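Trainee: Taken in sequence, the protein lines are chains A and B.
Heads up, the first sequence is in this note's numbering, so the first residue is 8 and it goes up one at a time.
Heads up, the second sequence is in this note's numbering, so the first residue is 8 and it goes up one at a time.
Dropping a structure here in structure tokens format, bear with me for questions.
There are 2 protein chains.
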Amino acid sequence: MVPGSRRRFHLDGALLSAMVRRDRQAAGEIPDLQGLGPGPWRPGLGIRDSGFDDGDSAVDGERVWRELETLASFSDAPAPAVTRIVFDEMDLRARAYIKALCAEASLLVHEDAVGNTFARWLGRDPKLPPVATGSHCDAIPNAGRFDGTVGVLGGLEAIRALQRAGCQPRRSIDLVLFTSEEPTRFGIGCLGSRLLAAALDPSVGDTLTSNGESLNKIRASTGFSGALNDVPLQTGAYAAFVELHIEQGPILERLKLDIGVVTAIAAPASLRIFIEGEGGHAGAVLMPDRHDAFLAAAEIALAVEAAARSTGSSDTVATCGVCELFPGAINSVPSRARLEIDVRDIDPARRDSVLAKIRRASDDVASRRGVTVRSEPINADPPALCAQPIIDAIVSACDARQLRYLRMISRAYHDSLFMSRIAPAGMIFIPCRGGVSHRPDEYASPDAIAHGTADVGRYARFAGA
Amino acid sequence: MVPGSRRRFHLDGALLSAMVRRDRQAAGEIPDLQGLGPGPWRPGLGIRDSGFDDGDSAVDGERVWRELETLASFSDAPAPAVTRIVFDEMDLRARAYIKALCAEASLLVHEDAVGNTFARWLGRDPKLPPVATGSHCDAIPNAGRFDGTVGVLGGLEAIRALQRAGCQPRRSIDLVLFTSEEPTRFGIGCLGSRLLAAALDPSVGDTLTSNGESLNKIRASTGFSGALNDVPLQTGAYAAFVELHIEQGPILERLKLDIGVVTAIAAPASLRIFIEGEGGHAGAVLMPDRHDAFLAAAEIALAVEAAARSTGSSDTVATCGVCELFPGAINSVPSRARLEIDVRDIDPARRDSVLAKIRRASDDVASRRGVTVRSEPINADPPALCAQPIIDAIVSACDARQLRYLRMISRAYHDSLFMSRIAPAGMIFIPCRGGVSHRPDEYASPDAIAHGTADVGRYARFAGA
Chain A
8 MVPGSRRRFH LDGALLSAMV RRDRQAAGEI PDLQGLGPGP WRPGLGIRDS
58 GFDDGDSAVD GERVWRELET LASFSDAPAP AVTRIVFDEM DLRARAYIKA
108 LCAEASLLVH EDAVGNTFAR WLGRDPKLPP VATGSHCDAI PNAGRFDGTV
158 GVLGGLEAIR ALQRAGCQPR RSIDLVLFTS EEPTRFGIGC LGSRLLAAAL
208 DPSVGDTLTS NGESLNKIRA STGFSGALND VPLQTGAYAA FVELHIEQGP
258 ILERLKLDIG VVTAIAAPAS LRIFIEGEGG HAGAVLMPDR HDAFLAAAEI
308 ALAVEAAARS TGSSDTVATC GVCELFPGAI NSVPSRARLE IDVRDIDPAR
358 RDSVLAKIRR ASDDVASRRG VTVRSEPINA DPPALCAQPI IDAIVSACDA
408 RQLRYLRMIS RAYHDSLFMS RIAPAGMIFI PCRGGVSHRP DEYASPDAIA
458 HGTADVGRYA RFAGA
Chain B
8 MVPGSRRRFH LDGALLSAMV RRDRQAAGEI PDLQGLGPGP WRPGLGIRDS
58 GFDDGDSAVD GERVWRELET LASFSDAPAP AVTRIVFDEM DLRARAYIKA
108 LCAEASLLVH EDAVGNTFAR WLGRDPKLPP VATGSHCDAI PNAGRFDGTV
158 GVLGGLEAIR ALQRAGCQPR RSIDLVLFTS EEPTRFGIGC LGSRLLAAAL
208 DPSVGDTLTS NGESLNKIRA STGFSGALND VPLQTGAYAA FVELHIEQGP
258 ILERLKLDIG VVTAIAAPAS LRIFIEGEGG HAGAVLMPDR HDAFLAAAEI
308 ALAVEAAARS TGSSDTVATC GVCELFPGAI NSVPSRARLE IDVRDIDPAR
358 RDSVLAKIRR ASDDVASRRG VTVRSEPINA DPPALCAQPI IDAIVSACDA
408 RQLRYLRMIS RAYHDSLFMS RIAPAGMIFI PCRGGVSHRP DEYASPDAIA
458 HGTADVGRYA RFAGA
């Protein structure tokens with residue numbers, strides 16, 4: 008792919024076998040759990056790309072920081088919280104701001120039918136598949152300002168730094184802004200990248216809804232009116248894709264490391280559980296006569312936790328983030344409940360065993376409490392392995408700048424999960440304070456962001472841009 | 008009170024000692040649990056009020072049924088469900104309909120500052136304290152059409168039947184429509200009757216809120232703008248008060264009885280529990296690091312159930328009807344949860360022991376899960392004993408009409424709970440299908456409603472009207 012480079016990428020099948028903890032390993036030590044590879048303290052493995060500048064000084068960290076602040080101001084929640092729901096006014100204003108920054112950097116911007124936005128720095132050979140970077144800018148209710156946005160604005164600054172350094176990339180470099188990585192509005196995460204990777208049928212335009220309005224209707228009302236059939240990219244459309252992101256976990260901070268080199272992205276699955284019991288007056292229905300939908304939901308939520316813990320691996324996580332009761336009155340026995348459950352693991356078989364345990368527990372609760380329990384899968388995606396050449400490129404970038412890094416898995420899922428289906432993909436993690444994310448106190452330091460940003464630029468060079 | 012009557016009422020202090028199950032009685036048999044008094048099948052104890060017509064034929068059950076149907080049409084939920092929130096448009100339309108019916112029956116209508124509505128049939132001696140009947144017409148979300156409304160429209164028909172029978176009551180008879188028996192909007196039940204009984208400080212006009220708007224602001228916007236200080240009634244303002252109501256429990260139907268003669272109303276208590284945990288990304292926060300507010304809430308809800316069951320008495324009920332999560336996103340660990348809990352018992356000490364168990368369980372959950380749990384009492388009312396002369400009057404009315412009745416307690420609370428503080432009070436229960444209430448399939452038969460309505464008229468006569 009990169010003729011003349013000292014490092015050749017082997018993008019067709021030469022994927023890293025997952026660096027996953029072996030079954031018998033103890034669950035206590037984070038390095039073990041993270042499949043610690045060559046280790047963060049080994050002497051650098053990096054191979055300098057001949058003639059490639061160390062672009063450290065070129066990254067304007069302060070500017071990225073200011074832009075992150077401005078972007079955070081487009082929020083439905085008061086600062087420091089950020090709430091930015093896809094296709095709502097704040098999302099559209101955030102997109103407009105990012106597109107303006109891209110135009111300022113002379114990037115060519117185009118958008119697809121679902122609002123995925125592509126900003127291209129044309130390379131010397133525009134016919135070659137470009138390299139790409141990017142992330143998302145939507146935010147769940149009451150979230151923070153770094154999730155997704157660091158990958159967008161950091162990616163943009165990486166491009167600008169290369170521009171300022173006088174680079175003339177051979178391949179074009181794309182900055183990609185993905186639509187609705189968060190599932191808040193339509194119930195499914197990575198909406199834009201799923202469609203890009205043809206991992207979602209375009210008929211979802213009619214079937215996915217928000218408050219009764221279809222995705223098609225909502226996107227059209229915000230100006231995205233093309234056919235969803237036109238969204239999927241061809242495999243090979245990109246030579247490489249890398250996403251810069253905060254870790255959203257505590258490991259890099261605990262180990263005082265600069266960069267996480269992601270080797271695999273956990274397999275997420277999510278489902279809705281509908282419980283139908285029997286309502287009635289809270290004062291009048293005797294306890295033995297009750298079929299309380301909330302108590303059934305409570306038991307299922309605790310069973311979700313127990314199922315995740317039962318695997319003995321800290322790579323397994325499961326969460327019940329939504330519980331809605333009907334009628335939801337203090338003096339009425341809940342007749343219906345709806346749970347939304349998220350299960351992830353790097354090992355899809357182990358994840359599926361957790362799902363099976365949840366199903367069994369639900370059945371047990373249903374028969375014991377005399378309620379009906381129906382579960383509806385939302386998604387069950389396989390894990391993604393990052394492309395070995397990308398991993399190598401990121402490791403090389405770290406070595407070149409003497410950054411301390413760790414090969415690690417991502418438990419959170421990202422648009423890279425789907426980009427990996429159509430392009431060699433990888434992720435660069437930077438530490439975030441306390442591992443906190445999806446909260447107003449989410450924080451990544453300006454230094455960490457600058458390190459990550461510099462790494463993106465370097466990756467792009469290693470990847471043949 | 009009723010000179011010349013063969014039955015004299017002793018309204019000052021001659022209260023029935025509660026007909027509550029003794030401690031050592033088994034908890035299995037419903038008659039025991041209900042403090043079965045003279046028993047439904049004993050030969051009639053009734054003493055006919057000399058010269059008093061059996062008004063059966065006078066009750067126009069069909070008309071009440073039609074009026075219940077019309078009233079049910081004022082609803083925010085589609086039929087058969089009824090949702091009618093106090094001071095919302097449907098509540099105001101329902102009130103207007105009832106006031107029009109009262110005016111048609113030549114009753115004099117006035118309203119107090121919180122919207123309690125009084126429709127008076129003037130007696131021959133209007134200076135005597137009137138006798139009264141009535142109930143409420145608000146309905147929780149997705150409720151049925153009989154809760155409260157039977158007592159309002161049945162009470163009205165009882166008055167009309169007496170009018171048609173040519174009665175000239177000595178005492179005035181009031182039909183009372185209480186404001187906000189349901190706690191849906193302001194979080195506290197029996198708002199109108201609490202204020203009538205001076206059981207609530209008038210400052211609640213400022214402190215009780217709905218979506219950030221104060222009770223004072225909301226009531227003023229619907230035309231009820233007087234001072235809440237003017238709402239309380241003097242003790243003795245009424246010679247007697249009786250509320251006709253569906254049982255909201257299964258006992259009368261199971262035992263094939265016509266009437267429940269309420270001897271006491273259970274002691275309700277309610278509280279809110281606020282749980283503060285730690286949020287975070289559902290994929291990234293490791294299971295052992297979590298402080299999930301929902302899982303804490305789930306354990307507390309199950310502890311509420313266990314505490315109610317632990318008393319061994321079916322007179323104890325406890326319900327967790329509200330559970331709200333924050334941020335409430337599928338991929339976010341819940342950081343905060345709010346529960347609303349309702350606990351009732353006929354024995355206030357036993358009820359308080361349940362509350363204490365809930366507190367202990369909450370403390371345990373808090374320390375085990377590393378979350379903070381704060382509980383805020385909403386109310387903890389003592390039980391009310393019905394006045395013996397009223398009980399006797401209802402029993403006599405049943406005997407006179409050879410209705411099969413049962414002395415029973417009310418687990419649901421009612422406006423009578425507060426009316427009993429300022430007047431001798433009692434309740435007439437009629438069976439409802441399956442004991443179901445607070446649900447769209449709530450149902451009481453036209454016959455049952457007619458029986459209850461006739462009993463109200465007869466009570467009014469026995470009570471000296």
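Glycine included, each C-beta is placed from N, C-alpha and C at the ideal position.
Remember, it's a predicted structure, so these values are computed and weren't measured experimentally.
From which residue to which residue does the beta strand (DSSP E) around S417 (chain A) run?
Mentor: Position 410 of the first sequence, counted from the start, is the residue given in the question as residue 417 (chain A). Counting along the chain, the beta strand (DSSP E) containing S417 (chain A) begins and ends at Y412 to S417.
Trainee: Given this structure, state the Cα-to-Cα distance separating V238 (chain B) from D422 (chain B), to the nearest angstrom.
Mentor: Residue 238 (chain B) sits at position 231 when you count from the first residue of the second sequence. Residue 422 (chain B) sits at position 415 when you count from the first residue of the second sequence. About 15 Å.
Trainee: Going along chain A, which residues have a C-beta under 9 Å from Y450 (chain B)?
Mentor: Numbered from 1 along the second sequence, position 443 holds the residue referred to as residue 450 (chain B). Neighbours of Y450 (chain B) on chain A: none; closest Cβ ~13 Å, over 9 Å.
Trainee: For R351 (chain B), collect the residues of the same chain with a Cβ closer than 6 Å to its Cβ; drop the 5 residues on either side in sequence, then sort them by chain order.
Mentor: One-based indexing of the second sequence puts residue 351 (chain B) at position 344. For R351 (chain B), where only same-chain residues beyond five positions count, the Cβ hits under 6 Å are A273, P275, V324 and R418.
Trainee: Compare the C-beta of G433 (chain A) against all C-beta atoms of chain B and say whether one is closer than 8 Å.
Mentor: Residue mapping note: residue 433 (chain A) aligns to position 426 of the first sequence, counting from 1. No, G433 (chain A) lies away from the interface with chain B (no Cβ there is under 8 Å from its Cβ).
Trainee: Count the C-beta pairs between the segment 152-160 of chain B and the segment 129-143 of chain B that are closer than 8 Å, then say yes if the count reaches three, no if not.
Mentor: Yes: at least three Cβ pairs fall under 8 Å.
Trainee: Ordered along the chain, which non-local residues of its own chain (more than five positions away) have a Cβ less than 6 Å from that of A455 (chain B)?
Mentor: Working through the second sequence from its first residue, we reach residue 455 (chain B) at position 448. Answer for A455 (chain B): I437 and P438, listed in chain order.
Trainee: Where do the ends of the alpha helix (DSSP H) carrying G464 (chain A) lie?
Mentor: By 1-based counting over the first sequence, the position of residue 464 (chain A) is 457. P453 to F469 is the span of the alpha helix (DSSP H), which, as asked, contains G464 (chain A).
Trainee: Under 8 Å by Cβ, that's how I've got S217 (chain A) and I385 (chain A) pegged, so tell me the actual separation to the nearest angstrom.
Mentor: Here residue 217 (chain A) refers to the residue found at position 210 when the first sequence is read from its first residue. Here residue 385 (chain A) refers to the residue found at position 378 when the first sequence is read from its first residue. With a Cβ gap of about 14 Å, S217 (chain A) and I385 (chain A) do not count as contacting.
Trainee: Kindly list, in the order they appear in chain B, the residues whose Cβ is closer than 9 Å to that of V361 (chain A).
Mentor: Mapped onto the first sequence, residue 361 (chain A) falls at position 354. Simply none; closest approach about 11 Å.
Trainee: Rounding to the nearest angstrom, what Cα-Cα distance links G147 (chain B) and G441 (chain B) in this structure?
Mentor: Taking the second sequence and counting its residues from 1, the one referred to as residue 147 (chain B) is at position 140. Taking the second sequence and counting its residues from 1, the one referred to as residue 441 (chain B) is at position 434. As written in the sequence, residue 147 (chain B) is Ile, which differs from the Gly given in the question. C-alpha separation (whole angstroms): 19 Å.
Trainee: Going by other Cβ atoms of all chains shown within 10 Å of its Cβ, with 16 needed for buried, is D132 (chain A) buried or exposed?
Mentor: For the purposes of this step, residue 132 (chain A) is taken as the residue at position 125 of the first sequence. By the neighbour-count rule (16 or more Cβ atoms within 10 Å), D132 (chain A) is not buried but exposed.
Trainee: What residues from chain B crowd round D349 (chain A), counting only those whose CB sits closer than 8 Å?
Mentor: Translated into positions along the first sequence, residue 349 (chain A) becomes position 342. By Cβ distance, chain B contributes A289, G290, I337 and N338.
Trainee: Measure the alpha-carbon distance for V378 (chain A) versus Y420 (chain A) and round it to whole angstroms.
Mentor: Looking up residue 378 (chain A) in the first sequence gives position 371. Looking up residue 420 (chain A) in the first sequence gives position 413. So the alpha carbons of these two residues sit roughly 33 Å apart.
Trainee: Can you find a C-beta in chain B that's less than 8 Å from the C-beta of A227 (chain A)?
Mentor: As a working note, residue 227 (chain A) is residue 220 in the first sequence. No, no contact with chain B.
Trainee: Can you give the Cα-Cα distance for V268 (chain B) and A126 (chain B), rounded to whole angstroms?
Mentor: To locate residue 268 (chain B), count along the second sequence from 1; it is residue 261. To locate residue 126 (chain B), count along the second sequence from 1; it is residue 119. When rounded, the distance between both Cα atoms is 25 Å.
Trainee: Are the beta-carbon atoms of G459 (chain B) and I435 (chain B) separated by less than 8 Å?
Mentor: Residue 459 (chain B) sits at position 452 when you count from the first residue of the second sequence. Residue 435 (chain B) sits at position 428 when you count from the first residue of the second sequence. In contact: G459 (chain B) and I435 (chain B) (Cβ atoms closer than 8 Å).
Trainee: Note down the Cα distance separating F185 (chain A) from L424 (chain A), rounded to an integer number of angstroms.
Mentor: Within the first sequence, residue 185 (chain A) is the residue found at index 178, counting from 1. Within the first sequence, residue 424 (chain A) is the residue found at index 417, counting from 1. When rounded, the distance between both Cα atoms is 12 Å.
Trainee: State the DSSP-derived secondary structure class of C327 (chain A), mapped to helix, strand or coil.
Mentor: Your numbering for residue 327 (chain A) matches position 320 in the first sequence. Strand, per DSSP.
Trainee: What residues from chain A crowd round F301 (chain B), counting only those whose CB sits closer than 7 Å?
Mentor: Here residue 301 (chain B) refers to the residue found at position 294 of the second sequence. Within 7 Å Cβ-Cβ: A308, C327 and C330.
Trainee: Please tell me whether S369 (chain B) and S382 (chain B) are closer than 8 Å, where the distance is taken between their beta carbons.
Mentor: Within the second sequence, residue 369 (chain B) is the residue found at index 362, counting from 1. Within the second sequence, residue 382 (chain B) is the residue found at index 375, counting from 1. For S369 (chain B) and S382 (chain B), yes; Cβs fall inside 8 Å.
Trainee: Is DSSP giving V211 (chain B) helix, strand or coil here?
Mentor: Residue numbering aside, residue 211 (chain B) sits at position 204 when the second sequence is read from its first letter. Helix, per DSSP.
Trainee: For Q395 (chain A), count the other beta carbons within 10 Å of its own beta carbon; 16 or more makes it buried, fewer makes it exposed. Which is it?
Mentor: For this step, residue 395 (chain A) is matched to residue 388 along the first sequence. So Q395 (chain A) counts as buried.
Trainee: For R70 (chain A), return the contacting residues in chain B, with the cut-off set at a CB-CB distance below 7 Å.
Mentor: Locating residue 70 (chain A) in the first sequence gives position 63, where the first residue counts as 1. By Cβ distance, chain B contributes nothing, its closest Cβ being about 27 Å from R70 (chain A), past 7 Å.
Trainee: Is any beta-carbon of chain B found at less than 8 Å from that of H143 (chain A)?
Mentor: For the purposes of this step, residue 143 (chain A) is taken as residue 136 along the first sequence, with counting starting at 1. With 8 Å as the cut-off, H143 (chain A) does not count as an interface residue toward chain B.
Trainee: Quick one: is P389 (chain B) buried, meaning 16 or more other Cβ sit within 10 Å of its Cβ, or exposed?
Mentor: The sequence position of residue 389 (chain B) within the second sequence is 382, counting from 1. It counts as exposed.
Trainee: Grouping DSSP H, G and I as helix and E and B as strand, with all else coil, what is G433 (chain B)?
Mentor: Against the second sequence, residue 433 (chain B) aligns to sequence position 426. Residue state, collapsed to three classes: strand.
Trainee: Quick one: what's got a C-beta closer than 6 Å to R177 (chain A)'s C-beta in the same chain, skipping five residues either side?
Mentor: One-based indexing of the first sequence puts residue 177 (chain A) at position 170. G130, R131 and D132.
Trainee: Which residues, in chain order, does the segment 262-282 of chain A contribute to contact with chain B at a C-beta distance below 9 Å?
Mentor: Those residues of the segment 262-282 of chain A that come within reach of chain B (Cβ to Cβ, closer than 9 Å) are A273, P275, S277 and R279.
Trainee: Can you tell me whether Q255 (chain A) is buried or exposed, with buried defined as 16 or more other CB within 10 angstroms of its CB?
Mentor: On the first sequence, residue 255 (chain A) is found 248 positions in, with the first residue counted as 1. Counting Cβ neighbours within 10 Å, Q255 (chain A) comes out buried, since at least 16 surround it.
Trainee: Nearest CA to the CA of A451 (chain B): which residue from B:I266, B:R411 and B:I282?
Mentor: The residue labelled residue 451 (chain B) in the question sits at position 444 within the second sequence. Ranking B:I266, B:R411 and B:I282 by Cα distance to A451 (chain B) puts B:I266 first.
Trainee: Where K263 (chain A) and H298 (chain A) are concerned, what is the direct C-alpha to C-alpha distance, given to the nearest angstrom?
Mentor: Position 256 of the first sequence holds residue 263 (chain A). Position 291 of the first sequence holds residue 298 (chain A). Taking the straight line from one Cα to the other gives about 51 Å.
Trainee: So what's F301 (chain B) in DSSP terms, helix, strand or just coil?
Mentor: Counting from 1 along the second sequence, the entry for residue 301 (chain B) is found at position 294. Here F301 (chain B) sits in helix by DSSP.
Trainee: Could you please give me the residues that DSSP links to R279 (chain B) through a beta bridge?
Mentor: Locating residue 279 (chain B) in the second sequence gives position 272, where the first residue counts as 1. Bridge partners of R279 (chain B): B:E347 and B:E383.
Trainee: Which residues mark the beginning and the end of the beta strand (DSSP E) in which L184 (chain A) is found?
Mentor: Taking the first sequence and counting its residues from 1, the one referred to as residue 184 (chain A) is at position 177. That run of the beta strand (DSSP E) goes I180 to F185.
Trainee: So, does the segment 334-348 of chain B touch the segment 299-312 of chain B, judging by three or more C-beta pairs under 8 Å?
Mentor: Cβ pair count under 8 Å is three or more, so yes.
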